[in-house]
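Shown next, in structure tokens, is the structure this report addresses.
There are 2 protein chains.
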Amino acid sequence: MLSKTEVKYIQSLGHKKRREEEKLFLAEGNKLVAELIREIPGQLFRLYATEEFFQTHPDAEKIPVKHIITEEELQRISQQQTPNQALAIINYFPVKEISKLENEWYLALDGIRDPGNMGTIIRLAEWFGISNIICSPDCADIYNPKVVQATMGSIIRVNVVEKDLYTFLADQQIPVVGAVLGGKELSSFKFPAAGVLVIGNEANGISTEVMRLLTHQLMIPRFGEAESLNAAIATSIFLWEMKRS
Amino acid sequence: MLSKTEVKYIQSLGHKKRREEEKLFLAEGNKLVAELIREIPGQLFRLYATEEFFQTHPDAEKIPVKHIITEEELQRISQQQTPNQALAIINYFPVKEISKLENEWYLALDGIRDPGNMGTIIRLAEWFGISNIICSPDCADIYNPKVVQATMGSIIRVNVVEKDLYTFLADQQIPVVGAVLGGKELSSFKFPAAGVLVIGNEANGISTEVMRLLTHQLMIPRFGEAESLNAAIATSIFLWEMKRS
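This is the structure in structure tokens:
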């Protein structure tokens, strides 16, 4: 039986300020929590799950602090519309600092605000073998519950660091590629072996400062009348084009 | 001042059953509603908008039945978390029936359930110049408010018909392409000039029956560890690959 204080504490981790004070975040759902137990059991601070979850996931036994809760209790502590068996409180990931960009591809996110886009882009990065993402400070918090859910577990394996993009990128000796209206057609571009792909804000695109650092301005041509492509969709097309060749 | 009955009536159009009885659906937001007024004013059954909206959109004057409402009233009738100036009730679009597939590309959606994916795929279709989408009956309702919002207006211009996919596609003499685990690598495939691209359900992929009709089984190769790609993302990569060459 969860106490009121405990319920309130868990709910409070829905807020960024509280997460940063505690260095803890929430992850939910049968599949994601099972993956966390398998991959990073040492980072699980608390596990709340239904009897069914514990019966079907015997390795949950090894988590030191765990609680069997009812569906109703799960509903109370969940940030999801349809909670599914389990909720975990997780320690923040250790960030691998990045100072000099090496001989591989990086993603730089310049003000991605929508948590669904943010999470989908982290998942895409992993699919396409990008290990590091550099975020501007105005991006959605990667520990926002909606971001965590949308990554579908990729958040465990992709390293995300926060930087002032302009200052950071200005120091690098590496191609910087971005989507710009009127840029060169994407399919005609030969991606070099390494570089930074910059993805701009959903409404305003790449910021004026960062735009000045682009060494290659590219564009996804439009074949119909639609006004724009979603930021995660544009990312997927760029990453596919980078890797297909 | 909106009456309780009117508020209830508008809210009821959030439900599929009610929409189908009335052949009406909801569209919201400054940008989308402005586009509807510009493109299909004759289909606007009712317009509810704030004074600010009417001041900045003089062509709203031509809509026969319109109401100036307050922000509070908009909040009460809206399906959105953050309503934005306007809500319109729209007549269903006339469906252009499709019997024989012609010399162009079509999308066939086999059980796309998530309204966000459904709307994003309609928007993608328009971007890549696909004019017709064939949906299985278990797809998300295209008039679901979340689908309408996610299309960002493309729902006006893309023709969507509902069909039993297996029966319909079995009769066609046209390539049928789909994403299948273990399929041929996508970038090695030369897309013919016309065909049907089948996108499967988010959890289960293409249904067993429809799978038998595929003339080409393709796969997006994975470069990292991520388990899967979202259905809308996979669609974008297929459509890009189809059009890039």
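Chains A and B, in that order, give the protein sequences. Counting in the numbering used here, the first sequence runs from 4 upward without gaps. Counting in the numbering used here, the second sequence runs from 4 upward without gaps. Using N, Cα and C, we set each Cβ at its ideal position, and we do this for glycine too. Nothing here was measured: the structure is a model prediction, and the numbers come from that model.
DSSP state of residue i mapped onto helix, strand, coil
i, result
"Thr228/A", "With the sequence shown as reference, residue 228/A is identified as Glu, and Thr is not the correct amino acid for it. Three-state result, Glu228/A: coil."
"Asp62/B", "helix"
"Phe48/A", "strand"
"Tyr109/B", "strand"
"Glu165/B", "strand"
"Glu188/B", "strand"
"Val183/A", "strand"
"Met155/B", "coil"
"Ala196/B", "coil"
"Ile202/A", "strand"
"Lys149/A", "helix"
"Ala143/A", "coil"
"Ile209/B", "coil"
"Gln220/B", "strand"
"Lys7/B", "helix"
"Ile115/B", "coil"
"Phe28/B", "strand"
"Lys246/B", "helix"
"Ile124/A", "helix"
Proximal chain B residues relative to residue i, where beta-carbon distance stays under 8 Å
i, result
"Trp108/A", "Those do not exist, as Trp108/A stays about 10 Å from chain B at its closest Cβ, beyond 8 Å."
"Ile240/A", "Ser239, Ile240 and Trp243"
"Thr123/A", "Asn233 and Ile236"
Residue i versus the options, residue with shortest Cα-Cα distance
i, options, result
"Ile101/B", "Arg21/B, Gly122/B, Cys138/B and Ser239/B", "Cys138/B"
"Lys26/B", "Phe96/B, Asp62/B, Tyr51/B and Gln82/B", "Phe96/B"
"Asn3/A", "Met155/A, Arg116/A, Phe57/A and Lys11/A", "What is shown of chain A runs 4 to 248, which leaves residue 3/A out entirely."
"Gly17/A", "Phe56/A, Glu75/A and Gln82/A", "Gln82/A"
"Val201/B", "Ser15/B, Glu74/B, Ala111/B and Ile66/B", "Ala111/B"
"His70/B", "Ser6/B, Tyr51/B and Glu76/B", "Tyr51/B"
"Tyr146/B", "Ile158/B, Met245/B and Asn135/B", "Ile158/B"
"Glu131/A", "Lys7/A, Trp243/A and Val10/A", "According to the sequence shown, residue 131/A is Phe rather than Glu. If we check each option's Cα against that of Phe131/A, Trp243/A comes out closest."
"Val180/B", "Asp174/B, Thr170/B, Asn106/B and Pro195/B", "Pro195/B"
"Thr170/B", "Val98/B, Val213/B, Asn106/B and Lys246/B", "Val213/B"
"Lys166/A", "Cys142/A, Leu184/A, Ala182/A and Asn106/A", "Cys142/A"
"Ser6/A", "Ala63/A, Leu77/A, Thr59/A and Phe56/A", "Leu77/A"
"Gln175/B", "Trp108/B, Ala63/B and Glu64/B", "Trp108/B"
"Ala182/B", "Glu23/B, Leu221/B and Ile40/B", "Leu221/B"
"Ile66/A", "Gly203/A, Val164/A, Lys246/A and Ile40/A", "Ile40/A"
"Arg22/A", "Ala153/A, Glu55/A, Asp144/A and Leu104/A", "Asp144/A"
"Ser210/B", "Pro140/B, Glu55/B and Lys246/B", "Pro140/B"
Contacts that residue i makes with chain B (C-beta to C-beta distance below 7 Å)
i, result
"Gly227/A", "Glu129, Trp130, Phe131 and Gly132"
Contact check, residue i vs residue j, beta carbons under 8 Å
i, j, result
"Gln46/B", "Ile13/B", "no"
"Ala89/B", "Asn33/B", "yes"
"Val161/A", "Gly122/A", "no"
"Gly227/B", "Glu129/A", "yes"
"Pro148/B", "Leu29/B", "yes"
"Asn120/A", "Glu205/A", "yes"
"Asp276/A", "Leu189/A", "Look at the range of chain A in this structure, 4 to 248, and you will see that residue 276/A is not part of it."
"Phe241/A", "His219/A", "no"
"Val68/B", "Arg49/B", "yes"
"Ser248/A", "Ser239/B", "no"
"Thr53/A", "Ile80/A", "no"
"Glu31/B", "Pro86/B", "yes"
"Glu230/B", "Met155/A", "yes"
Rounded Cβ spacing between residue i and residue j (contact assumed at less than 8 Å)
i, j, result
"Ile223/A", "Gly198/A", "About 17 Å; that fails the 8 Å criterion."
"Leu216/B", "Leu172/B", "5 Å"
"Ile133/A", "Ala235/A", "With a Cβ gap of about 14 Å, Ile133/A and Ala235/A do not count as contacting."
Under 9 Å by beta carbon: chain A residues contacting residue i
i, result
"Arg116/B", "Within 9 Å Cβ-Cβ: nothing; Arg116/B doesn't reach chain A, min ~13 Å."
"Arg21/B", "Here the premise fails: no neighbours, minimum Cβ distance about 21 Å."
Closer than 7 Å: residue i CB and nearest the ligand FAD heavy atom
i, result
"Pro67/A", "This structure lacks the ligand FAD; in fact it carries no ligand of any kind."
Residue i: contacting residues in chain A (beta-carbon distance under 7 Å)
i, result
"Lys246/B", "Phe226"
"Ser190/B", "Arg247"
"Arg126/B", "Ala229"
"Arg160/B", "Glu228"
Interface residues of chain B facing residue i [CB-CB closer than 9 Å]
i, result
"Gly249/A", "The structure shown does not extend to residue 249/A, since chain A spans only 4 to 248, so no value can be given for it."
Partner residues on chain A for residue i, Cβ-Cβ distance less than 8 Å
i, result
"Glu230/B", "Met155 and Gly156"
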